[in-house]
Amino acid sequence: MVNTKGRRGFDEIIVSNCACQPGIERYREPWEELTAPPLAEDNLQPPHFGLNTPGAPFISPWRSNLTALSQQCNLYFAAYQSRIHITAPRNIKQALPGKSDMVIVLPRSPEGCEILPAIDSDHPHAVNHIVIGKLGDHEVLLMGCDDGDVIAFYTHLIMEQFEQVARGHADGVTPLCSVTPFFHENVKSSAWGLAIHPKSRLIAVGSNRREVTVFVFGLTDPLIRVNKSPSAANSILFPDWNLPADSDETPTRSATEGREENFRRTLSLCPNGHNIPSLTFGNDENGQARSVIAVDIHGNLWYLDIWSNNKQCRTSMYIDVPENQRSWGWGIQVLNFDSFKATASPEEAFGTTSRVSKKLGLYEYGGTFDISRTVRKAQTADPMVYSAADLRFEGEEGDDVNDSYDEDPNEPIAVLETLADASDSDDDDAVTGTKAQEKMRIERAVLHQNGHARVRPAQAQVQTPNVLSEAKPNHSLFPHNSAILRTYKNDIELIPASDSLITTTCKNIVRQIHPFQDHFLQHNERLNMTLQIPELSLVIIGSQAGKVALVTLTACDSEFFVTKPVATFRVDYTVPFRSQFQNNIVPPFPLLGIAASPLPVDMGEAGKKRYPRRWRLILHYYDHSIFSYELSRGSAGVGLEIA
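The opening position of the sequence shown corresponds to residue 939 in our numbering, with each subsequent residue numbered one higher.
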């Protein structure tokens, strides 16, 4: 009998219509890029990291995500040094011609001219990171630069001008976009982490000053009131609002009170903090911004109250690892529980075989669980090359259940010891913990009132400004009804709201093995590109070294768990697919960026015609190669689908 639940025991991704555009084919002929006079920095070409073809724009290496797709109109944005190239994807393959439809030359603030850049002194105004999202009722494109400038544009104004020029550059000249930014400020150091809060109308920026700057827009004045001048940073539009250092933790303002005028709030990390590559907002029970959740490059997770001086830190899960072996922190996402896909079993939730159900004792005691062994299945499974020989039938080898595992789940020490002993011998589908971690669980097991054992995770170390403890974070700062995803160099970690629930980790999630000559790719190994699509229960995690994981958020509420539903994840696939690597069409270059949006025909239809909608994912490499995929779910309760 054929296993109808998929080759790994759960609904798998269905793939078609993926496309590749080699960079060399996108830039076959040179073309004049701009009508404006060249910038002074244009004469200082950066080191060669991309395609050496006349007309191909120079990329800025060692940055974060430099591409974005509008969620409301068919526009694709790519940052090249201090310019934003704008292109409308063509046809169902999401083709992107090398010749951009429009280009924005970014203005520079007077403050930015005085700031020493962190990466490239010859190109100080180069963009480090771009994001797109709604601020109030309008979608905005936000970017942070190496000189500390933070700039934002309304995408609907860009689209209006785009429609006016109607891709009209048949004369060989790409038109300049004359839309001016509605927001232009400076954070006094290289700007990296970026976040936009639509409901509370906030912009947060993490910088190399080891602090977060929150720009708070007044709620009584129209948002368009913000200075439109290219030199907006020269105007005092966001005066500082800082509490005395000795003030208590009681908020004196809120996301909706005391918001008559614009102001900025600076949130400094503790002395053990470092540069901030990624951040996001944590909401309260009303959906308003309560805190900034940030990760620094040491991997520390920071909870920073926007409206008081309250701050706490959850240390890296590598806190006990020697400093020269630690994995740096690179990404953060707050994931609302509504975006987790309900599953019927632990196997479906973790992406494992039925062997897991025989280890129910493992699920009865909190702690941290490592699903790294499932990654090989995600790597080798290639929906582009299915064959009859690959079909798995129930009862055949690989589907066997270890019926000998019958330890009493009411004996926590015995169960933990058995699992520790079995961790080296189980097959690649097993959910495991490290031996050190098992020992830690035995030492930290505590009994709750219901008689079941619980374990506090070793990683749940929370730091206040003066105290290191293992207490839980202040729950007013932990995002309401959410879990937190933290990414490192090669590993990811899903942190639940309570220490009594399971923390899930996955190491080497994209498992890249580089050819001996690709040392440059090895230095780009960092999971610094993350996107989430809540309606698909999907998180997209990209390594700058070139591969991207498609991660399904899952929740299991069944007899397998003794208390609340467990929020976790499984790795469905990694892209580009194995067959694309085998066919030598994947370039040996890092990723410039990843971007996702609904297909143009589905924009604005969520909850109306088709829900969830079809989405597109675009991978953009340093050599300007483009890989595109379509993402969707077939129906409620059906696994992630790529069509």
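Just so it is clear, CB atoms sit at the ideal spot from N, CA and C, and this is done for glycine as well.
Check                                                                                                                                                                                : Outcome
Going by DSSP, name the residue or residues bridged to residue 1176.                                                                                                                 : Paired residues: none, contrary to the question.
Roughly how many whole angstroms lie between the Cα atoms of residue 1127 and residue 1280?                                                                                          : 43 angstroms
Check whether the stretch 1268-1284 touches the stretch 1222-1230, taking contact to mean three or more Cβ pairs, one atom from each stretch, closer than 8 angstroms.               : no
To the nearest angstrom, how far is it from the Cα of residue 1419 to the Cα of residue 1528?                                                                                        : 36 angstroms
Using the Cα positions of residue 1530 and residue 1468, report the straight-line distance between them to the nearest angstrom.                                                     : 13 angstroms
Would you kindly report the start and end of the unbroken beta strand (DSSP E) that includes residue 1053?                                                                           : Segment: none, residue 1053 is in no beta strand (DSSP E) and carries neither H nor E.
Give the single residue among 1098, 1441, 1102 and 1091 whose Cα lies nearest to the Cα of residue 1307.                                                                             : 1441
Spatial neighbours of residue 1387 within its chain, please: C-beta separation below 7 angstroms, excluding the five flanking residues on both sides.                                : Because residue 1387 carries a pLDDT of 26, less than 50, the predicted location of this residue cannot be relied on, and no value is offered for it.
Can you tell me whether residue 1239 sits near the ligand NAP, meaning its C-beta is under 7 angstroms from at least one heavy atom of the ligand?                                   : What this structure holds is no ligand at all, so the ligand NAP is not there to describe.
Select from 1091, 1086 and 1439 the residue whose C-alpha is nearest the C-alpha of residue 1080.                                                                                    : 1091
For residue 1017, collect the residues of the same chain with a Cβ closer than 6 angstroms to its Cβ; drop the 5 residues on either side in sequence, then sort them by chain order. : 1004, 1065 and 1068
Since residue 1570 and residue 1556 should fall inside the 8 angstroms C-beta cutoff, what is the C-beta to C-beta distance between them, to a whole number of angstroms?            : Actually they do not touch by this definition, with Cβ atoms about 15 angstroms apart.
For residue 1139 and residue 1231, what's the separation of their Cα atoms in angstroms?                                                                                             : 16 angstroms
How many whole angstroms separate the CB atoms of residue 1428 and residue 1465, which I take to be in contact at a CB cut-off of 8 angstroms?                                       : 7 angstroms
Is it true that the CB of residue 1553 sits closer than 8 angstroms to the CB of residue 1471?                                                                                       : yes
Which residues bound the alpha helix (DSSP H) around residue 962?                                                                                                                    : 961-964
Could you name each continuous beta strand (DSSP E) segment of 3 residues or more that falls completely within the stretch 1033-1119, going from the start of the chain to the end?  : 1040-1043, 1065-1073, 1076-1083 and 1087-1092
Quick one: any contact between the stretch 1145-1154 and the stretch 1229-1243, if contact means 3 or more CB pairs under 8 angstroms?                                               : yes
Classify residue 1271 as buried or exposed, calling it buried when 16 or more other Cβ atoms lie within 10 Å of its own Cβ.                                                          : buried
Find out if the Cβ-Cβ distance for the pair residue 1007, residue 1564 is shorter than 8 angstroms.                                                                                  : no
Beta-carbon within less than 6 angstroms of residue 1216's beta-carbon, same chain only, minus the 5 sequence neighbours each way: which residues are those?                         : 1131, 1233, 1269 and 1270
Buried or exposed for residue 1311, going by 16 or more other Cβ atoms inside 10 Å?                                                                                                  : buried
Tell me which same chain residues have a C-beta within less than 8 angstroms of the C-beta of residue 1463, skipping the five on either side of it?                                  : 1427, 1428, 1450, 1481, 1482 and 1483
I'd like the list of long-range same chain contacts for residue 957, defined as Cβ closer than 6 angstroms, with 5 residues on each side in sequence excluded.                       : 1031 and 1566
Does the beta-carbon of residue 1545 have 16 or more other beta-carbons within 10 angstroms, so that it is buried, or is it exposed?                                                 : Low confidence applies here, because residue 1545 scores a pLDDT of 49, under 50, leaving its location unreliable and the question unanswered by this model.
Using the Cα positions of residue 1493 and residue 1122, report the straight-line distance between them to the nearest angstrom.                                                     : 41 angstroms
With a threshold of 8 angstroms on Cβ separation, who are the neighbours of residue 1058 within its own chain once the five nearest residues in sequence on each side are excluded?  : 984, 998, 1064 and 1084
When you compare each of 1199, 1195 and 1240 to residue 1213 by their alpha carbons, which one comes out closest?                                                                    : 1240
Could you check the C-alpha separation between residue 1490 and residue 1503 for me, to the nearest Å?                                                                               : 16 angstroms
Mind checking whether residue 1021 and residue 1053 have CB atoms under 8 angstroms apart?                                                                                           : no
Could you check what DSSP says for residue 915 in three-state terms: helix, strand or coil?                                                                                          : Residue 915 cannot be examined here, being either before or after the span of the chain that is shown, 939 to 1581.
If you reduce the DSSP assignment to three classes, tell me which class residue 1465 lands in.                                                                                       : coil
Have a look at residue 1313 and residue 1219 and give me their C-alpha separation to the nearest angstrom.                                                                           : 29 angstroms
If you follow the beta strand (DSSP E) that residue 1487 is in, where does it begin and where does it stop?                                                                          : 1486-1494
Distance, Cα to Cα, residue 1474 vs residue 1096?                                                                                                                                    : 28 angstroms
Compute the distance between the beta-carbons of residue 1071 and residue 1129, then report whether it is under 8 angstroms.                                                         : no
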